[in-house]
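Residues 60 to 410, numbered by the numbering used here, are exactly what the sequence shown covers, in order. Cβ atoms here follow ideal geometry from the backbone N, Cα and C, with glycine treated the same way. These numbers were taken from a predicted model, which means no experiment stands behind them. Only one structure is covered here, and it is reproduced in the block below.
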Amino acid sequence: MLKRSLAALTALVLAGLTLGSLAAPAHADGSADSVSWTVRTALSKYGSGRPKFTYTIKPGEQVTDGIDIANEGRRKITLKVYAADGFTTGSGGYDVLTPDKASKGVGAWVKPAVTHVTIAPGKQVQIPFTMTVPSNATPGDHLGGIVTVLDQRDASGTGTVVHRRVGLRIESHVSGEVRSRLEVDDLKVDYDGHNPFGTGDATVRYTVRNTGNTALGGLQKVKVAGGLGLSAQTVTLARLPNLLPGESWQAKASVDDVRAMLWVSATVTVTPLVTDAAGSTSTLEPVETSSRAVVSAWSVVLLVGFLVALALLAWLLVVVVKRTRRRSRAKVDAKVAAAVEEALLQETAQR
């Protein structure tokens, strides 16, 4: 029923996204109905005050940890507890799958001790969980989260169920060969000018794919130039979001007043960024790809016509030069012949 549909009011506060800490745990606040709870990492052999769960683990290995959940509201709440795979959102943020979607990575590896928990006002509980990595797990980064969910009927009386989530991020690195790689595909250049020797606006579109096995961000810039490299302009785009292995990102750049000179070329340069556990970043070898677009079909016709005209002009110049030289030579030969004839006549007269 429409009234019982799940409203995705996502009060999702993943610690890796909000940088929540022990002093400021991830929380959901519903002051209007006195519902409020927080989550934080439990004290364990992995440390205390962790903003998120971070593990370096081998295939086939298992870890045990826990999540603390505190009811800060004034009435009892019952929460669903589940784990799910993470993904990069269309806006460049981080989220995890909702309970109705199947997970294949971290969300399938992590098993909370309970699927539901009831917490009295002002009380806190700790939910242990285990993460078992399959023996055939792919080396590299696998991200997800452990999430608490509260389903409530909307106070307006419409019968709509409000779905509120709050959880913590899980980052696991499975040991093995590390491959950090971004690729740039599907580069397209559009140019709105019609004069092959005039100016216009260029639009560059491309896709960045994470074809490695580690999470990577990136710096990106686009260079646009007319034929023969004229009117070159370089545009620096916003930093790429952290792409998980197998994810892709659609990018677009617009450059105004590009002088075409028959065609427009674009070169995209993406420099991968690696972020370590401490939050510091380092760069990898830049990835570069290029493409071009002819201003219009008439540009080719004009170019061919220009070359033909140039060749014709050169041919005419050669013909004119040859004829001029022949005429000059004929005049010289005539003068020489006349001079010889005159000399012979004078010699004959003297005899």
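Quiz item: Excluding five sequence neighbours on each side, which residues of the same chain lie with their C-beta closer than 7 Å to the C-beta of GLU120?
Solution: The residue you call residue 120 lines up with position 61 of the sequence shown. Hits under 7 Å: VAL192.
Quiz item: Thinking just about the alpha-carbon of each residue, which of SER324, MET190, THR189 and ALA274 is nearest to the one in ASN301?
Solution: Position 242 of the sequence shown, counting from 1, holds the residue named residue 301. If we check each option's Cα against that of ASN301, ALA274 comes out closest.
Quiz item: Can you list, in chain order, the stretches of the alpha helix (DSSP H) that have 4 or more residues and sit fully within the stretch 293-322?
Solution: none
Quiz item: Using 8 Å as the Cβ pair cut-off and three pairs as the minimum, do the stretch 166-176 and the stretch 187-204 touch?
Solution: yes
Quiz item: Which ranges would you report for the alpha helix (DSSP H) in the stretch 88-117 if only whole runs of at least 4 residues count?
Solution: none
Quiz item: By DSSP, does VAL173 sit in helix, in strand, or in coil?
Solution: Counting from 1 along the sequence shown, the entry for residue 173 is found at position 114. Note: VAL173 maps to coil in three-state DSSP.
Quiz item: Are three or more beta carbon pairs between the stretch 253-261 and the stretch 301-310 nearer than 8 Å?
Solution: no
Exercise. Confirm, please, whether the CB-CB distance from TYR114 to THR239 is below 8 Å.
Key: Here residue 239 refers to the residue found at position 180 of the sequence shown. Here residue 114 refers to the residue found at position 55 of the sequence shown. First, the residue type needs correcting, since residue 239 is Ser and not Thr in the sequence shown. Contact: no.
Exercise. Could you tell me whether the Cβ atoms of THR270 and GLU236 are closer together than 8 Å?
Key: By 1-based counting over the sequence shown, the position of residue 270 is 211. By 1-based counting over the sequence shown, the position of residue 236 is 177. Not a contact, by the Cβ cut-off of 8 Å.
Quiz item: Buried or exposed: TRP322, going by 16 or more other Cβ atoms within 10 Å of its Cβ?
Solution: For the purposes of this step, residue 322 is taken as residue 263 along the sequence shown, with counting starting at 1. By the neighbour-count rule (16 or more Cβ atoms within 10 Å), TRP322 is buried.
Quiz item: Can the beta-carbon of PRO180 be found less than 8 Å from the beta-carbon of ARG223?
Solution: To locate residue 180, count along the sequence shown from 1; it is residue 121. To locate residue 223, count along the sequence shown from 1; it is residue 164. Cβ atoms of PRO180 and ARG223: not closer than 8 Å.
Quiz item: ARG264 to ASP244, Cα distance in whole Å?
Solution: For the purposes of this step, residue 264 is identified with residue 205 of the sequence shown, where counting begins at 1. For the purposes of this step, residue 244 is identified with residue 185 of the sequence shown, where counting begins at 1. Computed Cα separation, rounded: 10 Å.
Self-check item: Straight-line gap, ASN130 to GLY338 (C-alpha atoms, nearest Å)
Solution: What you label residue 130 is simply residue 71 of the sequence shown in a count that begins at 1. What you label residue 338 is simply residue 279 of the sequence shown in a count that begins at 1. Cα-Cα distance, rounded: 31 Å.
Practice problem: Work out the CA separation of PRO331 and LEU372 for me, nearest whole Å. | Solution: Looking up residue 372 in the sequence shown gives position 313. Looking up residue 331 in the sequence shown gives position 272. Going by the C-alpha atoms only, they are around 52 Å apart.
Self-check item: Beta-bridge pairing of THR262 - partner residues as DSSP gives them
Solution: If you number the sequence shown from 1, residue 262 lands on position 203. ASP249 and SER313.
Quiz item: Considering only residues of the stretch 158-233, which uninterrupted beta strand (DSSP E) runs meet the minimum length of 3 residues and lie entirely inside it, listed in chain order?
Solution: 169-171, 175-178, 183-191, 199-212 and 220-233
Self-check item: Residue from PRO198, ARG212 and GLN211 with nearest C-alpha to SER234
Solution: Position 175 of the sequence shown holds residue 234. Closest by alpha carbon: PRO198.
Practice problem: Look at the alpha carbon of ALA284 and the alpha carbon of THR348, and state the distance between them as a whole number of angstroms. | Solution: Locating residue 284 in the sequence shown gives position 225, where the first residue counts as 1. Locating residue 348 in the sequence shown gives position 289, where the first residue counts as 1. Looking at the two C-alpha atoms, the distance is approximately 14 Å.
Quiz item: If you run the structure through DSSP and keep just helix, strand and coil, what is ALA83?
Solution: Taking the first residue of the sequence shown as position 1, residue 83 is located at position 24. At ALA83, the pLDDT of 43 sits below 50, so the modelled position is not reliable; the number obtained from the coordinates is stated separately. In the structure shown, ALA83 sits in coil (DSSP, three-state: anything other than H, G, I, E or B).
Quiz item: Near VAL354, which residues of its chain fall below 8 Å by C-beta distance, leaving aside the five closest residues on each side in sequence?
Solution: Counting from 1 along the sequence shown, the entry for residue 354 is found at position 295. Result list for VAL354: TYR250, GLY252, HIS253, ASN254, PRO255, GLY259, ALA319, LEU321, TRP322 and VAL323, in chain order.
Quiz item: Quick one, are the C-beta atoms of ALA143 and ASP124 less than 8 Å apart?
Solution: Taking the first residue of the sequence shown as 1, we reach residue 143 at position 84. Taking the first residue of the sequence shown as 1, we reach residue 124 at position 65. Not a contact, by the Cβ cut-off of 8 Å.
Practice problem: Give the DSSP bridge partners of GLY285, in chain order. | Solution: Taking the sequence shown and counting its residues from 1, one reaches residue 285 at position 226. Answer by DSSP bridge pairing, in chain order: VAL323.
Self-check item: Cβ pair LEU296, VAL281 closer than 8 Å
Solution: Indexing the sequence shown from 1 puts residue 296 at position 237. Indexing the sequence shown from 1 puts residue 281 at position 222. Against a cut-off of 8 Å, the Cβ pair of VAL281 and LEU296 comes out as a contact.
Quiz item: What are the start and end residues of the beta strand (DSSP E) that includes GLY125?
Solution: One-based indexing of the sequence shown puts residue 125 at position 66. Its beta strand (DSSP E) spans residues 121-130.
Quiz prompt | Where ARG386 falls: helix, strand or coil (DSSP) | solution = Your numbering for residue 386 matches position 327 in the sequence shown. Here ARG386 sits in helix by DSSP.
Practice problem: Helix, strand or coil for GLU236, going by three-state DSSP, please let me know. | Solution: The count along the sequence shown starts at 1 and reaches residue 236 at position 177. Coil, per DSSP.
Quiz item: Can you name, in chain order, every residue of its own chain whose Cβ lies under 8 Å from the Cβ of HIS175, other than the five neighbours on each side?
Solution: Position 116 of the sequence shown holds residue 175. Counting only Cβ-Cβ distances below 8 Å, and skipping sequence neighbours, we find THR137, LEU138, LYS139 and VAL140.
Quiz item: Going along the chain, which residues of its own chain have a beta-carbon closer than 6 Å to the beta-carbon of GLY151, five neighbours each way excluded?
Solution: One-based indexing of the sequence shown puts residue 151 at position 92. Once the five neighbours on either side are set aside, the close Cβ partners of GLY151 are PRO300.
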